[in-house]
Amino acid sequence: MAGAEKAIISGLQPETEYAVRVRCDCGAAGRSKESIAVNVGTTKRDRLKESLKSKSKRINSESPSVYKLPLTEEDMEVDGCRRYNFGKENVTQNRTIMLLGATGSGKSTLINGLINYIVGVEWEDDFRFKLVDEDQSRSQAESQTSEVTVYKINHQEGFKIPFSLTIVDTPGFGDTRGIHRDKEITEQIRNLFSSSVASASLARLTPSQKYVFDSVLSIFGNDVTENLQVLVTFADGQRPPVLEAINASGVPCPKTEDGLPVHFKFNNSALFAQNQSSAAADSSGVEEKGSFDQMFWQMGAQSMKTFFVASDKLTTKSLTLTKEVLRERKQLQISIENVQKQVKVGLAKLETIKETTEKVKLHEAECSRNEKFEIEVVVTRPVQVDISGTGKFITNCQVCHVTCHQSCAYANDTDKIKCSAMGSDGNCTQCKGKCPWSEHFNMKYRWEYKEVKEKQTVKELKEKYLKPQRLRELFSN
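Each residue of the sequence shown is one higher than the last, beginning at 1 in UniProt numbering.
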């Protein structure tokens with residue numbers, strides 16, 4: 001086998017060890033001896049995307065196959081609006097983005113790209129998912145139907161983002177009915193930050209696009225400009241001309257160090273492109289690495305990762321709620337997340353007590369004779385999980401050794417008094433000691449609790465479980 005050639009072994013089982021040997025078939029000259037065995041193991045199958053694939057309807061059988069994700073329509077009781085739910089409702093924090101852009105700017109394909117990234121679809125996979133049918137979206141736009149479609153993507157285990165996501169698609173924003181209709185649409189949206197879709201090749205903003213920007217800013221006020229970000233579609237590796245156009249139009253939005261609008265580049269032409277993963281494609285000698293489609297896919301995946309990390313750091317804006325109410329609401333969301341973790345730890349401790357009791361009963365005779373008799377038990381210990389390189393900021397309490405806020409907007413320790421986990425008195429609302437903000441820091445790790453096996457003597461178990469004070473300490477930690 002030549003060094004540049006590849007071979008694909010199909011039909012392997014996930015999480016399985018295999019021994020691979022190679023030998024040369026020289027035709028009439030015979031076969032060579034087998035090579036030294038190379039031990040390899042398959043990885044764990046991504047259960048989420050495989051599960052979604054089995055529940056979705058296949059709408060074409062090309063390469064890659066395309067599946068329509070199952071959505072549940074929900075009556076919003078709002079004229080001109082539709083709402084769809086994906087997955088089951090839960091208490092995970094929700095982020096809302098509103099996509100703005102003219103027909104043909106690639107909004108629908110961008111939404112499909114977002115959902116494929118979120119559920120973990122890779123370039124090498126032989127399938128893709130669709131959340132939005134672009135054809136339906138175009139027909140609505142052509143008929144000038146100003147209809148808002150809300151997609152609530154409820155968080156599931158396996159998502160590549162740590163929150164639920166609500167996508168508000170606005171095909172009719174800025175239509176002939178004017179700003180009055182735009183206000184009717186936007187009044188239904190709460191806790192919103194805006195992202196604008198623009199085509200990368202545009203050298204200047206059209207009057208209708210300028211109107212979209214002006215409409216949003218006039219409706220939501222100046223504070224929403226902090227959350228106005230540009231998703232550039234049809235982009236290549238170069239600087240998109242539309243960025244200069246946005247600057248020239250005087251649209252207020254966050255800027256990078258070089259003075260350009262904060263933006264994220266996408267080229268969704270590769271979303272449903274053939275990924276040449278079939279054996280026939282490989283035997284043709286086509287090198288996948290050099291393909292433009294794969295390059296655009298990788299660029300889009302990196303942009304989505306950066307976009308969602310940046311989105312999670314944004315402070316939610318609201319039309320009606322005061323800053324104090326927003327702060328309290330954020331604290332409640334953080335409290336819910338932390339309580340869920342504490343419940344899991346508490347249940348794990350109860351299970352440990354149950355298992356330990358059963359083991360003590362099983363070895364009752366040995367325990368009675370010898371207090372140094374050892375029993376293997378499962379205990380919960382705090383561990384540090386490295387998050388360096390993820391671009392995330394967190395808030396750790398140095399006194400209590402816990403992570404009080406897993407997705408903080410503030411990187412500098414001197415700004416931790418502004419962290420959503422801090423109360424109006426400057427003390428933390430999350431950690432056990434209600435410690436001052438100055439005891440909290442942004443670090444390269446977060447605290448988690450892991451189950452580990454340890455051997456403990458009968459005497460140690462008695463001291464832990466038979467004394468009421470020790471039992472209270474066990475469950476309070």
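All residues carry an ideal CB built from backbone N, CA and C; glycine is no exception.
In chain order, which alpha helix (DSSP H) runs of at least 4 residues are fully inside the region 4-59? 47-55
What residue range does the beta strand (DSSP E) around W447 cover? Y445 to T457
V399 vs E439 beta-carbon contact at 8 Å: yes
Could you check which residue in R31, E17 and Y84 has the C-alpha nearest to that of R23? R31
Nearest neighbour of F393, chosen from N442, N247 and A310 [CA to CA]: The shortest Cα separation from F393 among N442, N247 and A310 belongs to N442.
Whole-number beta carbon distance between P70 and S56, since they are thought to touch under 8 Å: 6 Å
Less than 8 Å between the C-beta atoms of V148 and T170, yes or no? yes
By the DSSP assignment, the beta strand (DSSP E) with L99 in it spans what residues? N94 to L100
Which of helix, strand or coil does DSSP assign to P241? DSSP places P241 in helix when its eight states are reduced to three.
Please state the DSSP three-state secondary structure of F129. strand
Let me know if S278 comes out buried or exposed under the rule of 16 or more other beta-carbons within 10 Å of its beta-carbon. Summary for S278: the model assigns pLDDT 44, below 50, so the residue's position carries little reliability; its value from the coordinates is reported in the next sentence. Exposed: under 16 other Cβ atoms inside 10 Å.
Kindly identify the DSSP beta-bridge partner or partners of C397. Residue pairing from DSSP places C397 in a beta bridge opposite V402 and H440.
In angstroms with no decimal places, state the Cα-to-Cα distance between I59 and Q274. 16 Å
Same chain only: Cβ atoms within 7 Å of T315, ignoring 5 sequence neighbours per side: A409
Per the DSSP calculation, P386 is bridged to which residue(s)? In the sequence under discussion, the amino acid at residue 386 is Asp, which differs from the Pro named in the question. Looking at the DSSP assignment, D386 forms a beta bridge with Y445.
From A421, E157, D75 and Y151, pick the residue whose C-alpha is nearest to that of L52; which is it? With distances taken between CA atoms, L52 lies nearest to E157 out of A421, E157, D75 and Y151.
Ignore the nearest five residues each way along the sequence and tell me which others in T414's own chain have a CB closer than 8 Å to its CB. If the five residues before and after T414 are omitted, its C-beta is found closer than 8 Å to no C-beta atom of its own chain.
With distances taken from CA atoms, which of Y449, G120 and M422 is nearest V383? Y449
Can you check which of these residues, E337, T42, D25 and G41, is closest to S35 by C-alpha distance? D25
Which of helix, strand or coil does DSSP assign to Q333? Helix at Q333.
In whole angstroms, what separates the C-alpha of F163 from that of T16? 32 Å
Expected contact under 8 Å - CB spacing of K152 and N227 to nearest Å: Incorrect: roughly 19 Å between the Cβ atoms, too far for contact.
Relative to the C-alpha of E454, which candidate in K330, S424 and V378 has its C-alpha closest? V378
Just to confirm before moving on: does the CB-CB distance between V232 and F264 stay below 8 Å? yes
Selection from E460, Q238, A270 and F234 that minimises the alpha carbon distance to Y117: A270
Exposure label - E337; buried when at least 16 CB within 10 Å: By the 10 Å Cβ count, E337 comes out buried.
What is the C-beta distance between P261 and V230, in whole angstroms, given that I count them as a contact (C-beta under 8 Å)? Indeed they touch by this definition, with Cβ atoms about 5 Å apart.
Using 8 Å as the threshold, is the C-beta distance between G389 and V309 below it? no
Using the beta-carbon count (16 or more within 10 Å), is V339 buried or exposed? exposed
If I follow the unbroken alpha helix (DSSP H) through K313, where does it start and stop? F292 to K313
DSSP puts R369 in a beta bridge; with which residues? None, per the DSSP bridge assignment.
Our contact map puts V168 next to T96 with C-beta atoms below 8 Å; I'd like the distance itself, whole angstroms only. So it is a contact: roughly 7 Å between Cβ atoms.
To the nearest angstrom, report how far apart C428 and Y445 are at their CA atoms. 19 Å
Buried or exposed for E463, please, with buried defined as at least 16 other CB atoms from any protein chain shown within 10 angstroms of its CB. exposed
With distances taken from CA atoms, which of D293, S54 and I161 is nearest S407? I161
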